[in-house]
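Please read the structure below before turning to the comments.
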Amino acid sequence: QLFLDDTKVKNFITCFKDVQFLSFFFTHLRRNLSGRFQGEFPFVSRCGRERNFLRCADVPVVFTQLLRGPCGDSRLSFCGGGSALSVPFVPGMLAVLPENGRLYHPAPENAGGVGLVRWALAEEWSS
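Be aware that the sequence shown starts at 1, since it is given in the numbering used here, and climbs by one per residue.
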């Protein structure tokens with residue numbers, strides 16, 4: 001979920017939900033190499049001259065849904081973007097990081113190259 005940095009209560013009500021905005025934001029997401037706020041905000045999404053700095057608890061991409069692609073292929077959707085924000089699902093590329101026990105899958109390179117699989121989705125696969 002994506003929130004304004006100064007949002008006090010972070011929940012479904014206060015997060016961004018507009019798919020077009022989320023798609024634009026995450027498509028333009030890059031590592032913050034601007035020289036400004038790099039330690040605090042490791043990623044930035046540019047919109048013209050505007051810079052939207054991003055900090056995250058782990059990685060910026062969180063896979064939330066498994067979708068059927070137009071050709072019958074499986075796709076992992078991320079960050080609330082539905083099919084507009086999705087990558088091909090490659091089960092053999094899933095990996096658990098021993099340090100935290102979390103499940104990861106390759107993500108768009110511009111967004112760090114790796115994404116976290118949401119716990120509820122991983123749990124759904126295990127049952």
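Glycine included, each C-beta is placed from N, C-alpha and C at the ideal position.
Secondary structure of residue i, DSSP reduced to three states
i    : result
F21  : helix
T14  : Confidence at T14 is low in this model, with a pLDDT of 49, below 50, so the placement of that residue should be treated as unreliable; the coordinate-derived value is given next. T14 falls in the coil class under three-state DSSP.
S127 : coil
L85  : coil
N100 : coil
G69  : coil
F41  : coil
8 Å Cβ cutoff met for residue i and residue j
i    : j    : result
G131 : P106 : Nothing about residue 131 can be read from this structure; the chain reaches only from 1 to 127.
Q65  : L121 : yes
Y104 : V87  : no
F129 : L85  : Here the chain has residues from 1 to 127 only, and residue 129 is not among them.
Rounded C-alpha distance that separates residue i from residue j
i    : j    : result
F37  : P60  : 16 Å
M93  : S34  : 31 Å
H28  : P98  : 30 Å
R55  : R30  : 12 Å
G115 : G81  : 14 Å
F41  : S126 : 34 Å
P91  : F53  : 31 Å
E124 : N100 : 19 Å
D18  : S83  : 13 Å
Contact belief for residue i with residue j at Cβ below 8 Å, rounded distance in angstroms
i   : j   : result
F78 : F89 : Actually they do not touch by this definition, with Cβ atoms about 11 Å apart.
Pair every Cβ in the stretch 39 to 56 with every Cβ in the stretch 70 to 88, then say whether three or more of these pairs are closer than 8 Å. no
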